[in-house]
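Trainee: Let me begin by handing over the structure; questions about it come next.
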């Protein structure tokens, strides 16, 4: 009798335990399965600052400085430097990419105002993070940020900086990006030569938005021209107070400034397209006759024959970017057949159908393409959509396989 009661008690306890586990110990929150073992965590999604840790300083106020409030990719910092011009403080920032995309670093964005960046006497440098650096899916990237006084500062009048810094990443790889350019007889050098030997065959996208400005004739918001050899390339400049003009290899076209706040410029297969105010760019001319030159593209000015800035844009430009689009070639081999097929240019990251077979081979039927002439490599169907078959600037050869 005692054993029976004991067994019944154990059975009841087991039922209660299982019921509690099913109702409390196991939960499903927003599609995430959790087993409660004292603590629980949910995998954070997206791109975010995972941690910021102190590294070192030189005569800075470490206890008064802190970076303990960061939200996704925006970092709230209070920095207190010392009373000497060589004062610095360094932190390590780790970014986590919990997305399915490779994320490219574009820029560090902040607004020069008391609310967002309170002290222009203090600047910062990044060590281990440059434009174009990337984080693989589900990967991390760490870099150091060092705060210091600006070069050439005569006297220290304010040792404290309160700032909100946003580290801007994108799944699109831009060669240059700047959210905010305040220009006054200055060039914003993109570091990108759109017409260099390495880049002249690449498609590109350029964009910018016009802000307030102090008008002067011929001032140039964007230029990618070589003034040494007959104005090769192109630029956007002011004709007069009310009109802007495209000039250069692709010809000329005017735009009403009063109605134009933004530009998007594309080179597609050596044709130039321009869109304004968010409209889809339309063809304005050809760049096919342009020869290679190494003049860098610039926002806020054009570069003269000596490489010095002129035709300055005195004002504000926002959302300025230059993106070179890498590409590769597909070469087609008749592999015993006859006929000709031109190489197919395919931009990196794009899914494109292979050019349909144009070869013939008397008495044989075309089967497919292969990376080896004996059909021992990778095969592709006629007109199959392909993506990133090889790296930037490379050529892959596909052989016709016959029955």
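Numbering (this note's numbering), first residue to last: 12 to 414.
Where a beta carbon is used, it is the ideal one built from N, C-alpha and C, also for glycine.
Identify, in the order they occur along the chain, each residue of the same chain with its Cβ nearer than 8 Å to the Cβ of residue 279, setting aside the five sequence neighbours on each side.
Mentor: The count along the chain shown starts at 1 and reaches residue 279 at position 268. Correct list, in chain order: 214.
Trainee: With a Cβ-Cβ cutoff of 8 Å, do residue 59 and residue 119 count as a contact?
Mentor: For this step, residue 59 is matched to residue 48 along the chain shown. For this step, residue 119 is matched to residue 108 along the chain shown. Not in contact: residue 59 and residue 119 (Cβ atoms no closer than 8 Å).
Trainee: Take residue 87 and list the residues in its own chain whose beta-carbon comes closer than 6 Å to its own, dropping the five residues that flank it on each side.
Mentor: Taking the chain shown and counting its residues from 1, one reaches residue 87 at position 76. So the list reads 80, 175, once near-sequence residues are dropped.
Trainee: When the Cα atoms are used, what is the spatial distance from residue 161 to residue 132?
Mentor: The residue labelled residue 161 in the question sits at position 150 within the chain shown. The residue labelled residue 132 in the question sits at position 121 within the chain shown. Answer to the nearest angstrom: the Cα atoms are 6 Å apart.
Trainee: With DSSP as the reference, label residue 270 as helix, strand or coil.
Mentor: Stepping through the chain shown from its first residue, residue 270 is reached at position 259. Note: residue 270 maps to helix in three-state DSSP.
Trainee: Note down, in chain order, each residue of its chain lying with its Cβ closer than 6 Å to the Cβ of residue 34, except the 5 sequence neighbours on either side.
Mentor: The residue you call residue 34 lines up with position 23 of the chain shown. Any answer about residue 34 is weak, because its pLDDT of 42 lies below 50 and its placement is not dependable; what the coordinates show is given next. Excluding positions up to five away in sequence, the list is empty.
Trainee: Under 8 Å, with one C-beta from each stretch per pair, do the stretch 358-373 and the stretch 253-264 reach the 3-pair mark?
Mentor: Taking 8 Å as the limit for Cβ pairs, the verdict is that the stretch 253-264 does not touch the stretch 358-373.
Trainee: Can you tell me which residues form a DSSP beta bridge with residue 220?
Mentor: Locating residue 220 in the chain shown gives position 209, where the first residue counts as 1. DSSP, once it has assigned bridges, lists 273, 329 as partnering residue 220.
Trainee: Classify residue 381 as helix, strand or coil using the three-state DSSP reduction.
Mentor: As a working note, residue 381 is residue 370 in the chain shown. It is a strand residue.
Trainee: If we ignore side chains and look at the alpha-carbon of each, how far apart do residue 107 and residue 65 end up?
Mentor: Within the chain shown, numbered from 1, the residue matching residue 107 stands at position 96. Within the chain shown, numbered from 1, the residue matching residue 65 stands at position 54. Going from the Cα of residue 107 to the Cα of residue 65 covers about 18 Å.
Trainee: Within its chain, find whatever has a CB closer than 7 Å to the CB of residue 169; leave out the 5 residues flanking it on each side and keep chain order.
Mentor: Here the question's residue 169 lines up with position 158 in the chain shown. 130, 132.
Trainee: In whole angstroms, what is the alpha-carbon distance linking residue 269 and residue 288?
Mentor: As a working mapping, residue 269 is identified with position 258 in the chain shown. As a working mapping, residue 288 is identified with position 277 in the chain shown. Straight-line Cα distance between these residues: approximately 11 Å.
Trainee: Name the one or two DSSP bridge partners that residue 310 has.
Mentor: The count along the chain shown starts at 1 and reaches residue 310 at position 299. Answer is 199, 233.
Trainee: Flag this pair as touching only if the stretch 232-251 and the stretch 343-351 have three or more C-beta atom pairs under 8 Å; answer yes or no.
Mentor: The answer is no - the stretch 343-351 does not touch the stretch 232-251, with fewer than three Cβ pairs under 8 Å.
Trainee: Hey, how far is the Cα of residue 201 from the Cα of residue 354?
Mentor: The count along the chain shown starts at 1 and reaches residue 201 at position 190. The count along the chain shown starts at 1 and reaches residue 354 at position 343. Going from the Cα of residue 201 to the Cα of residue 354 covers about 31 Å.
Trainee: Starting from residue 284 and walking both ways along the beta strand (DSSP E), at which residues does that stretch end?
Mentor: In the chain shown, residue 284 corresponds to position 273, counting from 1. Run containing residue 284: 282-287, per the beta strand (DSSP E) assignment.
Trainee: Per DSSP, which one or two residues make a beta bridge with residue 373?
Mentor: Looking up residue 373 in the chain shown gives position 362. According to DSSP, residue 373 bridges with nothing at all.
Trainee: For a minimum of 3 consecutive residues, which ranges assigned as the beta strand (DSSP E) are wholly contained in the stretch 138-205?
Mentor: Correct list: 150-160, 171-181, 187-194.
Trainee: I'd like to know whether the C-beta atoms of residue 142 and residue 311 end up nearer to each other than 8 Å.
Mentor: For the purposes of this step, residue 142 is taken as the residue at position 131 of the chain shown. For the purposes of this step, residue 311 is taken as the residue at position 300 of the chain shown. Their beta carbons are not under 8 Å apart, which means residue 142 does not touch residue 311 by this criterion.
Trainee: Whole angstroms are fine: how far does the CA of residue 382 sit from the CA of residue 397?
Mentor: In the chain shown, residue 397 corresponds to position 386, counting from 1. In the chain shown, residue 382 corresponds to position 371, counting from 1. If you take the alpha carbons of residue 397 and residue 382, they lie about 13 Å apart.
Trainee: Can you tell me the Cα-Cα spacing of residue 77 and residue 338, whole angstroms?
Mentor: As a working mapping, residue 77 is identified with position 66 in the chain shown. As a working mapping, residue 338 is identified with position 327 in the chain shown. One C-alpha to the other measures close to 44 Å.
Trainee: What residues in its chain sit with their C-beta under 8 Å from that of residue 42, if we drop five residues either side in the sequence?
Mentor: For the purposes of this step, residue 42 is taken as residue 31 along the chain shown, with counting starting at 1. With a pLDDT of 34 at residue 42, under the threshold of 50, the modelled position of that residue is not reliable, and the figure given next carries that caveat. Correct list: empty, nothing qualifies.
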